[in-house]
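For reference, the structure discussed in these notes is given below.
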Amino acid sequence: MKSRFSIPLGSPFGIKISIHWTFGFLIAWIVLVSVNQGLEVYQILMQIVFVLTIFVCVVLHELGHSLMAIRLGGKVESITLLPIGGMANMSEMPEKPREEFLVSAAGPLVNVVIALLLMLYMSWIHPVSPDDMEFEAITFQNFPVMLLAANLFIVAFNLIPAFPMDGGRLFRSALAMKMSRLQATSIAKDIGQIFAIIFIIAGIFVNPFLIIIGIFVLLGAKGEHEMIKYQDILNQYTVEDVLKTDYQALDADETIGQAAEKLVHISDRGFVITSEGEFAGLLTKNDIIKGLNERGREIAVKEFMDSDVPSVRSSDSLFEVYKDMRRNQHEIVPVKAGDNFKGVLELENINEFLLIKKAIV
Ligand SMILES: [Zn+2]
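Using the working numbering, the first residue of the sequence shown is number 923, and each one after it goes up by one.
Printed below as a string of structure tokens:
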């Protein structure tokens, strides 16, 4: 999730936590529904405080995953809060079955601990009498009970054995202790899809929200399976195998206008910019269009080229590079061997390569 759509909240343990702007819709929706129900201002505020508290529990849940991942040698960039839940963006995720199991279990475990603490609180400090059990609205009295219920719901929901829920990963990693990760993912995908269909059918009769979850699970199962299949294929190759050496080159002093004219005749995603015969940067089609719009035809391409695209080595694992390119939305990266510029790698070419290899497998 791009940071420009999110409001930063802080960086505990070096993990950037931010809240997505669509969260505003959730709060607006709560206010609308509450006003419709004829609730008083105090009750509406309680609803909002309650939802925000649940999301604090969601952040703690994501921190549980993240800290366990870091402990096992992974890297976590950020946690983004969406109205549908939290999302931890891990750049390096432990993949050994035992490690994946621990990372997946750590999130729901946090909510189990929160639930236990709430039970202790209610039995020792703030006993809840049956009179407090009216659940039309959140009150100061029923707040802990409702929060307990919410945390138990988070645990139960996340333990559904289907991607993208934690349960899908727990299930896959447990299977992967006995078989290959690809086989395990394939079984987990099938089970996930069965759950998705149950959700969708139940949604028609019970609550339309279940249909949305069903579709979410259907896509999650498919996406995870594809990614593991890609990993299985791409792990057998290096950047060298898909390297493009017949790239289009432009000199850094040529103009955007000249680049635009050449663009018409090529199918490449962009140009390699050289200065005195050395690699200087990349210029994508988008850069050219942006350059034309903002500065006109006469500006030199070096003003608009991207000279900070991180280069990859021709011996790098194709899967790792593919993952990074997708995550950072790099369509094209320069490839080096030692200090020498060898060519470029295009995301499009890797996708084509995958299609061919998938067809053969
Ligand atoms: Zn989780």
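Idealized CB from N, CA, C, for every residue including glycine.
Considering only heavy atoms of ligand 1, does any lie closer than 8 Å to the CB of residue i?
i       : result
Gly1114 : no
Phe1030 : What sits at residue 1030 in the sequence shown is Pro, not Phe. At least one heavy atom of ligand 1 is nearer than 8 Å to the Cβ of Pro1030, so yes.
Ser1095 : no
Glu1146 : no
Ser1000 : no
His1048 : no
Glu1022 : no
Asn1080 : yes
Asp1088 : yes
His1372 : One cannot answer for residue 1372 here, as it falls past the ends of the chain, which runs 923 to 1283.
His987  : yes
Glu1242 : no
His942  : no
Glu1220 : no
Glu1274 : no
Glu1198 : no
Between the options, which has its C-alpha nearest residue i's C-alpha?
i       : options                            : result
Ser1285 : Asp1154, Gly1089, Asp1190          : Since the displayed the chain opens at 923 and closes at 1283, residue 1285 lies outside it and no answer follows.
Ser1108 : Ile1119, Ile1122, Arg1091          : Arg1091
Gly936  : Gly1114, Pro1256, Met1012          : Met1012
Leu994  : Cys979, Leu1024, Ile970            : Leu1024
Phe947  : Gln965, Gly986, Ser940, Leu1004    : Leu1004
Val978  : Phe1121, Ala1072, Met1044          : Ala1072
Ile952  : Ile941, Phe972, Lys938             : Phe972
Lys1111 : Leu1132, Gly1089, Lys1100          : Gly1089
Ile1342 : Ile1272, Leu1070, Ala1174, Ser1051 : For the chain, the structure presents residues 923 to 1283; residue 1342 sits outside this window and is missing.
Ile949  : Glu962, Lys938, Ile966, Leu1172    : Ile966
Phe1085 : Lys1144, Ile1133, Glu1253          : Lys1144
Lys1100 : Asp1261, Tyr964, Arg1020           : Arg1020
Val1234 : Lys1258, Gly1213, Phe1226, Ile1254 : Lys1258
Leu1200 : Ser1229, Ile1133, Val963, Leu1267  : According to the sequence provided, residue 1200 is Glu. The question's Leu does not apply to it. Taking only the C-alpha atoms, the option nearest Glu1200 is Ser1229.
So, under 8 Å CB-CB, residue i and residue j are touching, yes? Tell me the CB distance rounded to an integer number of Å.
i       : j       : result
Ile1060 : Met968  : 4 Å
Lys1264 : Ser1239 : So it is not a contact: roughly 16 Å between Cβ atoms.
Ala1118 : Val1139 : 4 Å
In three-state terms, what does DSSP make of residue i?
i       : result
Met923  : In this prediction, Met923 scores a pLDDT of 41, lower than 50, which makes its location untrustworthy; the coordinate-derived value is nonetheless stated afterwards. Three-state result, Met923: coil.
Leu1267 : strand
Phe935  : helix
Asn1033 : helix
Glu1274 : helix
Glu1198 : coil
Ile1001 : strand
Val1257 : strand
Ser1189 : coil
Asp1228 : strand
Pro930  : strand
Asn1080 : helix
Should residue i be labelled buried (16 or more other beta-carbon atoms within 10 Å of its own) or exposed?
i       : result
Gln1251 : exposed
Glu1022 : buried
Gln959  : exposed
Val885  : Residue coverage of the chain in this structure runs from 923 to 1283, which leaves residue 885 outside it and unanswerable.
Val1035 : exposed
Gln1115 : buried
Tyr1244 : buried
Ala1171 : exposed
Glu1198 : exposed
Asn1033 : buried
With a threshold of 8 Å (Cβ to nearest heavy atom), would residue i be considered close to ligand 3?
i       : result
Ser1026 : Summarising the ligand content, the structure contains ligand 1 and does not contain ligand 3.
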